[in-house]
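Protein chains in written order, with the working numbering: chain A, 325 to 549; chain B, 273 to 596.
Where is the CB? At the ideal position from N, CA and C, for every residue including glycine.
Some notes on the structure that comes next.
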């Protein structure tokens, strides 16, 4: 689903975010991406989202080589990827339901279908009763779950999450992770950038470890660690 | 892929396009309603900007259509040579009527002329002393009514024709006045063109600036939209519709201002012209012109919004990479 081949990313000014990173994530798997802050986790996700272009190497997502993909196709790449952000990135002047509906609006679905699928997605994250609430009236955990509902509402084959548990207490974080597991079990590929090592260990999934822009370790999924 | 599924796919895409547009359509209206005061001020500026050239245009159209004594200025008086027969006069009148379809041709026989003169001059009895009637056959031709330029051309053709006829001694008409009126109209029309261009540009700039601020205040929203996969078109549409609404409402206001102005000026103007013996009624804008104004305003608003949004999108690279 995601394949990096000797990928390097240099930002203008010379700072090196990624150096010679190669890995392959199988479809339907759930993988964690970890490392100290500034190790290149966000850059890696940005490359998959086509928010940045690799300086060297190939980034292949869902069979599409993003390194040679023209810029104008970036929106369609993003539409086939659900992204969850640490700061939620919700529209404050739109209700929860309208926020979740955004990807479907962009896809131009029928209004009645949008409603149905928004309710299904909100139901999945346990926020069906907050349908008409405003994002700012929700707690941090709830806002994060709205972000997840938005990411899964169009049922993309790939789900990315950048520090989704960043501001949440351990209990909420565990709930969130089991939600991701559930989504992954239904066939989506899930890649989560996180430094919550304790939780990562508990889920026993594959872990990619970045350090100073290099892939320092690739710990396979295991039954015991 | 069979052609059937292909057609279905195109239909689906069209429907998706339509839905996205209806979404932008309504959300843009919502935004305008939410910011009532700001919207009203912008629309007021646009309305006045569009009213100015429109007002001048209507003034000219009314002047031109009013036939400001056009009949008198354009009427041609034809004097036949003495000794011309009635038959010949009728023949010329008939040919003229057939070729130029004038508004009216009046033939005044020497006898009629004499009768008129007798009544008007008071020389009644002295005229009886004349052995024969010295007056010639006279014909008065009023060309077709119409815009000044057309009448002018018609008068030119008519005089050409009249000069070519041997039995005609002389034809008189007030050509200078007609010409002056024509030139004045042309000058006015040029002024309308210049004003339309300038104020059209003003409309574009005003809308562009308003939308620029609007876009800037939605920077965060635009970024989020781009992150969840919106393309340029999706981001652009609501702003383009906003621009269109501004232009449309500005146009509507301009038409309303025009109607009120005409209602307000109509009576005093009518009274003034009555003293000149001219009966007239103000000509309205008409449905066609109204639609043109609304369509023009909308297009200019759309254009202004497009310029602003496009500049912003290019800078942000929303449709491509968001990388800064």
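At least 7 Å separates the beta-carbon of residue 399 of chain B from that of residue 424 of chain B.
Flagged as an interface residue toward chain B: residue 430 of chain A, by a C-beta distance shorter than 7 Å. With at least 16 other beta carbons inside 10 angstroms of its own, residue 487 of chain A counts as buried.
Per DSSP, reduced to three states, the secondary structure at residue 307 of chain B is coil, with no helix or strand assignment. As the crow flies, the alpha-carbon of residue 369 of chain B is around 30 Å from that of residue 392 of chain B. Considering only B/564, B/301, B/547 and B/542, the residue with the shortest C-alpha distance to residue 555 of chain B is B/542. Between residue 315 of chain B and residue 534 of chain B, the C-beta spacing is not below 7 Å.
Within chain A, no residue has its CB atom less than 8 Å from the CB of residue 333 of chain B, the nearest being about 46 Å off. Residue-level contact check: residue 305 of chain B does not touch chain A, since none of the beta carbons of chain A fall below 7 Å from its beta carbon. For residue 471 of chain A, the enclosing alpha helix (DSSP H) covers residues 464-476. Chain order gives the chain B residues near residue 402 of chain A as 498, 499, 500 and 501, where near means a beta carbon separation below 8 Å. Its Cα nearest to that of residue 421 of chain A, the residue A/452 stands out among A/409, A/345, A/376 and A/452. With respect to the 7 Å criterion, residue 373 of chain A and residue 325 of chain A are not classified as neighbours on the basis of their beta carbons. Bounds of any beta strand (DSSP E) do not take in residue 420 of chain B; it lies within the alpha helix (DSSP H) bounded by 420-435. Our two residues, residue 546 of chain A and residue 530 of chain A, have alpha carbons roughly 7 Å apart in a direct line. Considering only B/409, B/572, B/288 and B/487, the residue with the shortest C-alpha distance to residue 385 of chain B is B/409. The secondary-structure analysis by DSSP pairs residue 362 of chain A with nothing; it has no beta-bridge partner.
Residue contact check for residue 427 of chain A against chain B: a CB pair falls below 7 Å.
With respect to the C-alpha of residue 503 of chain B, the residue from B/328, B/586, B/469 and B/357 having the closest C-alpha is B/586. Under the 10 Å beta carbon count, residue 319 of chain B is surrounded by 16 or more other beta carbons and is classified as buried. The distance from the Cβ of residue 363 of chain A to that of residue 491 of chain A is about 20 Å, inconsistent with a contact at the 8 Å cut-off. Measuring C-alpha to C-alpha distances from residue 456 of chain B to each of B/333, B/412 and B/293 identifies B/333 as the nearest.
Identification of residues in the region 506-522 of chain B having a C-beta nearer than 9 Å to some C-beta of chain A yields 506, given in sequence order.
Judged by DSSP secondary structure, residue 332 of chain A falls within the beta strand (DSSP E) whose first and last residues are 326-334.
Following the DSSP letters along the chain, one finds residue 380 of chain A inside the beta strand (DSSP E) bounded by residues 380-385. If you draw a straight line from the Cα of residue 496 of chain A to the Cα of residue 361 of chain A, it is about 22 Å long.
Three or more beta-carbon pairs drawn from the region 509-525 of chain B and the region 570-585 of chain B are found closer than 8 Å, and the two stretches are therefore classed as touching. Among the residues of chain B, none has a CB under 8 Å from the CB of residue 443 of chain A; the nearest is roughly 19 Å distant. Apart from the 5 residues on each side of it in sequence, residue 327 of chain B sits with its Cβ closer than 7 Å to the Cβ of 530 and 533 in its chain, given in chain order. Straight across, the Cα-Cα distance linking residue 507 of chain B with residue 467 of chain A is about 24 Å.
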